[in-house]
Amino acid sequence: MTGVFPDRLKHVIILPIHKKGDKLIMSNYRPISLLLSCSKILETIMFSRLYQDVHTNKILAPEQFGFRKESNTEKAIFSLTDSVISSLNLLQQIGGIFCDLSKAFDCVNHEIPLAKLCHYGIRGVSLNWFKTYITNRKQKVKITTQNLKHESFC
């Protein structure tokens, strides 16, 4: 109602989970975020409402495969393969640029997605909710080993 995401629900515990390889190399771990239940419920409700609005108003391009229901990596690969084969059949030249965007989210200027939300009609109380959702977040990294327990706040 107020358009404010409560600061008390912005606390996250990050657990590094080993994926593969040498356990002494940090890149062999992936972070798992543990959220408070209330926070996760609010996030799910807002995601559902926003996704419904985006889907109803056909805001996302068909080429957007990530973070969409009934869309996955296999469909993206099929679409790319189909485009390449179709172009080859027409004797057209094909070029590609492939970028590793695995850390892209860490570099996002928060003003950009907020401006896009505003552009697509999310304003007032709802936009303020998103602004307060992404600001003043607290992370606690919890690292445990056989002989060491260490926790630190970021």
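So in the working numbering, the last one in the sequence shown is 154, and the numbering has no gaps at all. Positions of the beta carbon are idealized from the N, C-alpha and C atoms, including for glycine.
Check: Let me know the secondary structure DSSP gives Arg137 once reduced to three states.; Outcome: coil
Check: Give me the residue from Asn89, Phe5, Ile143, Tyr120 with the minimum Cα distance to Ile45.; Outcome: Phe5
Check: Between Cys38 and Leu9, what straight-line distance do the alpha-carbon atoms span, to the nearest angstrom?; Outcome: 7 Å
Check: Starting from Ile155, follow the beta strand (DSSP E) in both directions and report where the run begins and ends.; Outcome: The question about residue 155 has no answer, for the chain in this structure spans 1 to 154.
Check: So, with DSSP's three-state summary, where would you put Pro33?; Outcome: Just to set this straight, residue 33 is Ser in the shown sequence, not Pro. The answer is strand: DSSP assigns Ser33 an E or B state.
Check: Below 8 Å on the Cβ atoms is my contact criterion, and I expect Tyr120 with Ile59 to pass it. Report the Cβ-Cβ distance as a whole number of Å.; Outcome: 6 Å
Check: Whole angstroms is fine: what's the gap from Ser86's alpha carbon to Gln93's?; Outcome: 11 Å
Check: When the distance is taken between beta carbons, is Ile13 closer than 9 Å to Lys142?; Outcome: yes
Check: Throw me the rounded Cβ distance for the Phe67 and Ala76 pair, which I believe falls under 8 Å.; Outcome: The pair is not a contact, with the Cβ atoms about 12 Å apart (cut-off 8 Å).
Check: Going by CA-CA distance only, name the one from Pro62, Leu34, Leu15, Leu36 that's closest to Met26.; Outcome: Leu15
Check: Can you give the Cα-Cα distance for Lys23 and Tyr29, rounded to whole angstroms?; Outcome: 8 Å
Check: Would Ile122 be called buried (16 or more neighbouring beta carbons within 10 Å of its own) or exposed?; Outcome: buried
Check: So which of Gly21, Ala61, Met1 has the shortest CA-CA distance to Leu42?; Outcome: Met1
Check: Return the first residue and the last residue of the alpha helix (DSSP H) that Ala115 is part of.; Outcome: 111-119
Check: Leaving out five residues before and five after Cys118 in sequence, what residues of the same chain have Cβ atoms less than 8 Å from its Cβ?; Outcome: Leu127
Check: Leu90 to Leu35, Cα distance in whole Å?; Outcome: 51 Å
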